[in-house]
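Heads up, the sequence shown is in this note's numbering, so the first residue is -5 and it goes up one at a time.
Worksheet for the structure shown next.
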Amino acid sequence: MLELAGIQVEALASNVDEDALRDGLRAEGVTARNLADALAEAKAVRMSGRIGQAMVLGADQILALEDGTMLDKPSDPAEAKLHLQKLSGKKHKLFSAAVIAEQGSPVWRHVDIATLTMRSLSYSFIDEYVASEWDNIRYCVGCYEIEGRGVQLFSNIVGSQFTIMGLPILHLLDYLRIRGLLPS
């Protein structure tokens, strides 16, 4: 997304144990919004501490049903089908967080929210969709890519497509302009 927007980036793995951090924060009762923010911050701060002078962006996304239940990325096609059955005919929220860290400390953050209403899906549609889209959705919370065939799953969407894709990029670009790193 950043490269398509004309921003030069180098993608590096932060090596944060996201599962352990996520599980610990969930056990403490952290909200979906704060969980997305904490995971993004952990990634940015950890990498920033290693790199030194560079500006480091960490991002994460959490999906929450209206009752507060959070869904993770599916581990296999069977779990993807179960997730889609849970989402079918219901609203959910995506919390997309971005944190910039410099020299090991966060200097900017933003969490954006999109609300999506999934249409009612038949079991046969879910089966066919997961079978044909598994390679595209296996790393997607919610089991869809809104920029692809996943758009067919929805009856209503409120929020930025970028937020749904996992990065509140408009807010990020604004911050980079404020810092003088992008022309205004």
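Quick reminder that beta carbons are idealized off the backbone N, C-alpha and C, glycines included.
Assign A36 to one of two classes, buried (16 or more other C-beta atoms within 10 Å of its C-beta) or exposed (fewer than that).
-> buried
F148: which of T109, L176 and R173 sits nearest, CA to CA?
-> T109
Inter-residue spacing [alpha-carbon to alpha-carbon] between K80 and Q155 | 22 Å
In the segment 23 to 69, which residue ranges form an unbroken beta strand (DSSP E) of at least 3 residues, counting only runs that do not cross its ends?
-> 49 to 59
Does the Cβ of R173 have 16 or more other Cβ atoms within 10 Å, making it buried, or fewer, making it exposed?
-> exposed
Which of the three DSSP states, helix, strand or coil, is assigned to M(-5)?
-> coil
For my contact list, M41 and L6 are in at a C-beta cut-off of 8 Å; report their separation, rounded to the angstrom.
-> 6 Å
Of the residues M112, A14 and Q97, the one placed nearest K85, counting alpha carbons only | M112
In chain order, what residues of the same chain have a beta carbon less than 8 Å from the beta carbon of A30, not counting five sequence neighbours either side?
-> D54, Q55, I56, F89, S90, A91 and V105
Start-to-end residues for the beta strand (DSSP E) that takes in P100 = S99 to M112
Helix, strand or coil at V135 [DSSP, three-state] = coil
Mind checking which residues open and close the alpha helix (DSSP H) that includes K80?
-> P71 to L81
What are the partner residues of E96, as DSSP defines its beta bridges?
-> M49 and S99
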